[in-house]
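Read through the structure below, which is laid out as structure tokens, and then see the notes.
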Amino acid sequence: MSADPKQTEHVFKSTDELYAVMKDLFDYMSANPDNIKEFLKAKMVVRIYFTDPKGIITVDGRTPPMEAFFGSMPGKADFEVALPADLLHEIWTSRTSLSKNFMAGNIKTKGNLFKALSKLENLFHGAEDAYPQFIEKYGLEAPKSSDKS
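In my numbering, the protein residues as written are 714 to 862.
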């Protein structure tokens with residue numbers, strides 16, 4: 714019996730590839746601070762935990778320019794998010810919705826969600842707007858998904 718390709722194929726083939734794409738994306742965002750004004754005003758630290766592949770990214774907006782760190786980091790984050798890397802790709806390519814996946818429990822958070830939402834919205838949407846150029850640059854393919862809402 715062969716493995717189901719839907720379970721083995723992922724957008725990001727490795728943690729190194731995930732980090733390379735996200736480093737480019739966050740460097741772009743940091744170089745274009747108009748896209749992240751609210752996040753910078755909030756002076757927040759956000760930690761993102763990814764699965765498939767595993768990875769941790771800490772985004773520090775306490776002092777400009779915004780910085781992203783890859784891998785485990787000491788210290789406390791103001792807000793934490795955990796989700797599969799493929800899911801973030803699907804949300805940023807409009808193949809599925811953030812709210813539906815949050816409500817379905819596919820995205821886990823820790824910290825004051827209501828405070829974070831208003832401060833992270835422009836960071837999230839700025840990344841979403843910039844993401845297509847990185848899909849092309851890295852030749853990322855969408856995972857096979859049945860969730861197209």
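Here a beta-carbon is modelled for each residue, glycine too, at the ideal position from N, C-alpha and C.
Neighbourhood of residue i by C-beta, 7 Å cutoff - its chain only, sequence neighbours within 5 removed
| i | result |
| --- | --- |
| residue 765 | 723, 797, 798 and 799 |
| residue 738 | 840, 843, 844 and 847 |
Cross-strand partners of residue i (DSSP beta bridge)
| i | result |
| --- | --- |
| residue 747 | Note: residue 747 sits in no beta bridge, so no partner. |
| residue 761 | 770 and 794 |
| residue 822 | 794 |
| residue 781 | 772 |
Cβ shell of residue i (< 6 Å), same chain only, five flanking positions each side left out
| i | result |
| --- | --- |
| residue 762 | 769 and 795 |
| residue 714 | Low confidence applies here, because residue 714 scores a pLDDT of 41, under 50, leaving its location unreliable; read the following figure in that light. Closer than 6 Å at Cβ, skipping near neighbours: no residue. |
| residue 802 | 724 |
Residue i versus residue j: straight-line alpha-carbon distance, rounded
| i | j | result |
| --- | --- | --- |
| residue 826 | residue 776 | 22 Å |
| residue 749 | residue 772 | 12 Å |
| residue 814 | residue 834 | 16 Å |
| residue 753 | residue 838 | 14 Å |
| residue 726 | residue 852 | 11 Å |
| residue 751 | residue 789 | 20 Å |
Limits of the alpha helix (DSSP H) - the one that residue i falls within
| i | result |
| --- | --- |
| residue 839 | 826-851 |
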